Amino acid sequence: MPKISVEVPEELLEDLDRHVGEDGKFVNRSEAIRASVRKTLDMLDEIDARHDRLDDVEE
Numbered sequence: 042m043p044k045i046s047v048e049v050p051e052e053l054l055e056d057l058d059r060h061v062g063e064d065g066k067f068v069n070r071s072e073a074i075r076a077s078v079r080k081t082l083d084m085l086d087e088i089d090a091r092h093d094r095l096d097d098v099e100e
């Protein structure tokens, strides 16, 4: 799996960390960020579909 690097504001990172760990929804930051990216992309696809902006070719 490729690795990427991103800069995240401290406030956003603190919020993310509240969802990670034994009491959180995610095992680690990477899992939380992957889930967030997937959900965001799914939402953008839904918006594009409503506006008939999706390409006919699925990847």
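Oh and the sequence shown: position 24 is 65 in the numbering used here, straight run, nothing missing.
Glycine included, each C-beta is placed from N, C-alpha and C at the ideal position.
Every value quoted in this text rests on a predicted model; they were computed, and no experiment measured them.
{"Asked": "Could you please give me the residues that DSSP links to V61 through a beta bridge?", "Found": "F67"}
{"Asked": "Below 7 Å CB to CB, which residues in the same chain sit around N69 once its five sequence neighbours on both sides are set aside?", "Found": "V61"}
{"Asked": "For V78, which three-state DSSP category applies?", "Found": "helix"}
{"Asked": "Relative to the alpha-carbon of P43, which residue among R75, T81, E55, G65 has its alpha-carbon at the smallest distance?", "Found": "R75"}
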